[in-house]
Each structure stands twice: as C-alpha cells, then as structure tokens.
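Peer 1: As numbered in the numbering used here, residues 108 to 471 make up the sequence shown, in order. Below: one structure in structure tokens.
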Amino acid sequence: MRTALVVGTGLIGTSAALALAGRGVHVHLADHDPEQARTAAALGAGTDTAPEGPVDLAVVAVPPAHVAATLAELMRRGAARGYIDVASVKAGPRRELDALGLDAATLAAYIGTHPMSGREKSGPLAATADLFEGRPWVLTPGRDTDTEVLNLALELIAFCRAVPVVMEADAHDRAVALVSHMPHLVSGMVAARLEHAEESAVRLCGQGIRDVTRIAASDPRMWIDILSANPGPVADVLSDVATDLDETVRALRALQSADEDKRHGGASGIESVLRRGNAGQVRVPGKHGTAPAVYENVVVLIDDQPGQLARIFADASQAGVNIEDVRIEHATGQQAGLIELTVVPGSVPVLTAALRERGWAIRQ
C-alpha cells in the first residue's frame, strides 16, 4: 500500500491516517467539514488535498447512516482499488450498499471492517496513531470479496498494530450490541441518576461509580448515529437486562417484608443475579486477550505529588515484581489517594515487604 484516502477525519479516521502516514503511506484526507480535515493534516495524518488518481485503499470513516452513500460515490468515480469502512455496525450499511445498484465487480472491491477501539473524546484532536494497538479489528468479508481488498485491509490492520478477527456481519452486530452498545446505554442511565442528586451524595462518589459511568461521557450525537444503525440487537439485549432489573427490584422489595419466607426468597434472588454476574465477569478476556488470570492486589497510600507514581513503579521493579494492572482511587478533600497494584499472587509478600522497607504505607 502506497496511497490511501481517508474520508471522515474524526477520532477513528484520523487515528488510522496517523498510523498509515507513520508507515510511509501517502494519505489524502477528506471531510464534510474542511476545517476538520485541515486539523488532521496539521497533526501529520496526511494532506487535505485531493488525490490526482485512484489510491490503493479508501477508508470510509463516516457515521453509519452515511457509509453506503459515501462508498457508492467513491466507487462510481473509481477512487480506489479497494474500499473499506470502519463503522461500528456492519449488516445495515452493507444491505444499503447492495440496494444502490452497483455491479457485482465493483462491490467485490469492498469489505466491511470495525476496529474495536475508541475514546470518550471525539474529533481529530483526540486521535492517536496507537489507538488500535493490540485491539481487535473485525473484518466481515462476503463470499465475493476480492482477495486484493482483503489483503489491503489486513495490511492496514497490521500498520495499526491491531488484531484481525473475521466475523459474519449479523453476528458482529449482535456481538457489539452486547459488549459495546448496551453497556454504553446502561452507563448513561446510571450516570443520569446523578444529574439531580444531592451534592452531599455526589461527593461520596468512589472508584466504583467512576468505573460504571466513565463511558457515559461520550458524545450523544455520535451514539445516536451508532444506535440508529443497530437498534434491534441492542433492544433485544436491553430487554434481557430489563427482565433482570425487574426481578432484582422484586427481590429487594421482598427483603423489606415482615414475612421471613419472602425475605429468604428476596435474598436468594439477589444472590442469583450477583452469582450470574460473577460467572459472566470471569469470561471477559484478560491481559493481552488471554484467558482471565487470578491476581491479587497490594493497596498503597500515595501522595498526589509529582514523581510518586514513578517512584512506586521503580520500587516494584527493583523488587523484581511485574505490575499487571493499576488503579487509583483519589481521597475526597485530601491531596492523597490509594493506588491498587495488581500482581500475581506469589508476588504479594515480596512486593509488600519491599514497599514497606522503602517507606510506603500499605493498606490491608
């Protein structure tokens, strides 16, 4: 791949363009907002001038509702040897493209893709060349997809250091409804409870509520586009969640009953949903996409001052302990917090002793 055209210079399009440009590909940028394309170009993602002839690969990074029309326009003027889109839904745009009357040979030069990566922020200024590194990038080839466009897509994925995953389009849409679209809506619903909550309650927010509501900070306009393209599968998953919510509400009401049998039934209902949650959580892939591993945590009190994180990581390294993951919970009203260091179980005594020796306060 020597040349590429990226249409849509938001977070995903600009990040892909940055990765391609970093590998020596000459990237042309286009957007319905010329200023946004100029911003992406200024970041080093390519040039906002139009290509003089067909490019090797056209990457369509526009909202799902506009994917088919954009692809058709590019295909009709022969803009590229191969065409992909990076929309978060796959079946709908492909059906719309099929309905636009393009011939089979032209459609064979297209493959739908979806990089499973993103941020709460949008736009070119939020883009990074390493956004997709280590993340799954789904490909949904059809039976007539040209090998050439498949290879171009795989080359793009390799340049972005992502991991290719082949799926059928409808299966992809059901999967993202479960692992991406539904969680976003639920996160928004939880965060909405805070909008008019008393300030005294909001001040008690800890790491748990921050974890649950983090993705609720995303742009609602972008998510309306996404959900409008995949409403059925998302509604199906939310319907199941609603059933669980109804049963949980009934179980909690039963816990208020004066009848011991009803209280026992309520407790059983709560335990059931929590245990099913445990069973589902352990299926979430672990580090580097491998099977989940069992880890333990060492919790350390840390001051909110420059260099503290670097020092604790250096002390762990000197102790010969690898930090598998890290989480910080900031103290309310104090310039301090608790840092939770995740390590393999056998490392806990070694790390605890080493950190205490170096003056760190360990919390049990």
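Glycine included, every Cβ here is placed at the ideal spot set by N, Cα and C. Computed from a predicted structure; not experimentally measured.
1. Can you have a look at Val196 and say buried or exposed, based on whether 16 or more other CB atoms are within 10 angstroms of its CB?
2. From the DSSP secondary-structure annotation, give me the bridge partner or partners of Ala137.
3. Measuring only the C-alpha atoms, how far is Ala308 from Ala234?
4. From this set, Phe266, Leu448, Val283, which residue's C-alpha is nearest His221's C-alpha?
5. What is the DSSP secondary structure of Trp244, reduced to helix, strand or coil?
6. For Val401, does the three-state DSSP call read helix, strand or coil?
7. According to DSSP, is Arg188 part of a helix, a strand, or is it coil?
8. Quick check on DSSP: helix, strand or coil for His437?
9. What is the DSSP secondary structure of Ala165, counted as helix, strand or coil?
10. Considering only their Cβ atoms, is the gap separating Pro248 from Val270 smaller than 8 angstroms?
11. For Ile322, count the other beta carbons within 10 Å of its own beta carbon; 16 or more makes it buried, fewer makes it exposed. Which is it?
12. Taking only the alpha-carbon atoms, compute the straight-line gap between Ala324 and Ala212 and give it to the nearest angstrom.
13. In this structure, how does DSSP classify Gly453 when only helix, strand and coil are distinguished?
14. Excluding five sequence neighbours on each side, which residues of the same chain lie with their C-beta closer than 6 angstroms to the C-beta of Ala336?
Peer 2: On the basis of the supplied data:
1. Position 89 of the sequence shown holds residue 196. Buried, by the Cβ-count rule.
2. Position 30 of the sequence shown holds residue 137. The partner list for Ala137 (beta bridge, DSSP) reads Val114.
3. By 1-based counting over the sequence shown, the position of residue 308 is 201. By 1-based counting over the sequence shown, the position of residue 234 is 127. Ala308 and Ala234: Cα-Cα distance of roughly 35 angstroms.
4. The residue given as residue 221 occupies position 114 in the sequence shown. Checked all of Phe266, Leu448, Val283; the closest Cα to His221 is Val283.
5. Position 137 of the sequence shown, counted from the first residue, corresponds to residue 244. Three-state DSSP puts Trp244 in a strand.
6. Counting from one through the sequence shown, the residue named residue 401 turns up at place 294. Note: Val401 maps to coil in three-state DSSP.
7. Here the question's residue 188 lines up with position 81 in the sequence shown. Strand, per DSSP.
8. Residue 437 sits at position 330 when you count from the first residue of the sequence shown. In this structure, His437 counts as strand in the three-state DSSP scheme.
9. Mapped onto the sequence shown, residue 165 falls at position 58. Of the three classes helix, strand and coil, the one that applies to Ala165 here is strand, per DSSP.
10. For this step, residue 270 is matched to residue 163 along the sequence shown. For this step, residue 248 is matched to residue 141 along the sequence shown. No, the Cβ-Cβ distance between Val270 and Pro248 is not below 8 angstroms.
11. Counting from 1 along the sequence shown, the entry for residue 322 is found at position 215. It counts as buried.
12. What you label residue 324 is simply residue 217 of the sequence shown in a count that begins at 1. What you label residue 212 is simply residue 105 of the sequence shown in a count that begins at 1. Roughly 42 angstroms between the two C-alpha positions.
13. One-based indexing of the sequence shown puts residue 453 at position 346. In this structure, Gly453 counts as helix in the three-state DSSP scheme.
14. Translated into positions along the sequence shown, residue 336 becomes position 229. Taken in chain order, the residues that qualify are Pro171, Val196, Gly199.
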